[in-house]
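Everything on this sheet refers to the single structure shown next.
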Amino acid sequence: MQITFLDGIFVALVLVSAILGWLRGLTREAIGLVCFAVAGMIVYAYALNAGVGQWLRPSFRYMASYVFLGAVIVTFLVAAWVSHFGMAPWITTGGRIGGLLFGLVRGILIFAIAVVLIDLFVRLKDLPVWFTGAKSRELANEYMRLFWPKEWTGIRLLSHPFVMMGIAALYLSVVTDLIAAVTRPYRLRLRR
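Each number in my numbering corresponds to the 1-based position in the sequence shown with 1422 added.
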């Protein structure tokens, strides 16, 4: 088995996500996940549900996806604020190990979603050999077929802004983790 550049990207992404999960701990990761789920349930219950959705104009349903993204941003900021002002003593060894496991799963999920999206929108013959021959790509496609709805293919995926906003929010969580990790030394200086 030959290791390709994409396999290296997979390993690096999973390691970075796991390290960020270790630094933040399971409690902070769980707060972020709960906030993400609550934002999704609110939008689904009030705007995208079949019972409610039939009474709403399509433009309002699309607007609901933007409300979802805004709710996710606000909840991630609230989670960061809560962890900044009081959760540092709560991070125990068990919390760090839980955060590490959560980070591993998140890194794998982010990689798998990215690979599936690239496969949906780019023709296979246009992709480089290091991408098409990667073992991690095969595994990601195999496992995502179990969860990815069949009707979300190609351009149809773009017609589901709720899906695109959810994917964007997942990547946003990694960006906020990176910002928090980079600014951590400066925040400690500001507290003193």
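From the three backbone atoms N, C-alpha and C, an ideal C-beta is built for every residue, glycine too.
Go ahead and pull the three-state DSSP assignment for residue i.
i: K1572; result: coil
i: G1525; result: helix
i: R1545; result: coil
i: T1619; result: This structure cannot speak to residue 1619, because the chain is shown only from 1423 to 1614.
i: I1425; result: coil
i: T1515; result: helix
Use the C-beta contact count for residue i: other C-beta atoms within 10 angstroms, 16 or more gives buried, fewer gives exposed.
i: G1430; result: exposed
i: G1534; result: The question names Gly, but residue 1534 in the sequence shown is Ala. When all chains shown are included, A1534 counts as buried.
i: F1524; result: buried
i: F1432; result: buried
My assumption, with CB atoms under 8 Å, is that residue i sits in contact with residue j. Please give the rounded CB distance.
i: G1555; j: T1426; result: 6 Å
i: G1520; j: L1448; result: 3 Å
Does the distance from the C-beta atom of residue i to that of residue j stay below 7 Å?
i: A1452; j: L1526; result: no
i: G1443; j: L1522; result: yes
i: I1537; j: A1562; result: It is worth fixing the name first, because residue 1537 is Val in this sequence and not Ile. Yes, these two residues count as a Cβ contact at 7 Å.
Report all residues from its chain with a CB closer than 7 Å to the CB of residue i; omit the five preceding and five following residues, and keep chain order.
i: F1553; result: L1428, R1559
i: D1541; result: N1563
i: A1472; result: Below a pLDDT of 50, predicted positions are generally treated as unreliable, and A1472, at 49, falls in that range; no measurement from the model is reported.
i: L1546; result: T1554
Please list, in chain order, all residues of the same chain as residue i whose beta carbon is under 8 Å from its beta carbon, the five residues on each side excluded.
i: L1435; result: G1529, I1532, F1533
I'd like to confirm something about residue i: is its beta-carbon nearer than 6 Å to some heavy atom of the ligand NAD, or not?
i: G1555; result: Absent from the structure shown: the ligand NAD. Ligands present: none.
Who are the near neighbours of residue i in its chain, counting only those whose CB is closer than 6 Å to its CB and skipping five residues on each side?
i: G1517; result: G1447, L1448, T1449
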